[in-house]
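Colleague: Here my numbering runs 57 ahead of the position in the sequence shown, where the first position is 1.
Built from N, CA and C at the ideal position, the CB exists for glycine as well.
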Amino acid sequence: MIKVSQIRSDIGSTKRQKRTLVALGIKKMHNPVELEESPQVLGMVHK
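#1: By how many angstroms is the C-alpha of serine 95 removed from the C-alpha of serine 66?
#2: Ordered along the chain, which non-local residues of its own chain (more than five positions away) have a Cβ less than 8 Å from that of leucine 81?
#3: Quick check: the Cα distance between glutamine 74 and glutamine 63, rounded to an integer number of angstroms?
#4: Could you check what DSSP says for methionine 58 in three-state terms: helix, strand or coil?
#5: For a quick check, are the C-beta atoms of threonine 77 and lysine 104 less than 8 Å apart?
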């Protein structure tokens, strides 16, 4: 399990980046989300 949280605002980010945040389940800034450690999730987090 890994914890992921959004640090910066998504204002000015691309649509692809916003869709990635939705796919990760991140709704608010500084609100951590626990995710299973899989290659797909790690690829999204790396971006």
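Modeller: If we stick to the structure as given:
#1: Counting from one through the sequence shown, the residue named residue 66 turns up at place 9. Counting from one through the sequence shown, the residue named residue 95 turns up at place 38. Straight-line Cα distance between these residues: approximately 25 Å.
#2: Within the sequence shown, residue 81 is the residue found at index 24, counting from 1. Excluding residues within five positions, the ones whose Cβ falls inside 8 Å are Val61, Val90, Leu92, Val98, Met101, Val102.
#3: Here residue 74 refers to the residue found at position 17 when the sequence shown is read from its first residue. Here residue 63 refers to the residue found at position 6 when the sequence shown is read from its first residue. Approximately 12 Å, taken between the alpha carbons.
#4: For the purposes of this step, residue 58 is taken as residue 1 along the sequence shown, with counting starting at 1. Residue state, collapsed to three classes: coil.
#5: Counting from 1 along the sequence shown, the entry for residue 77 is found at position 20. Counting from 1 along the sequence shown, the entry for residue 104 is found at position 47. Closer than 8 Å, so yes.
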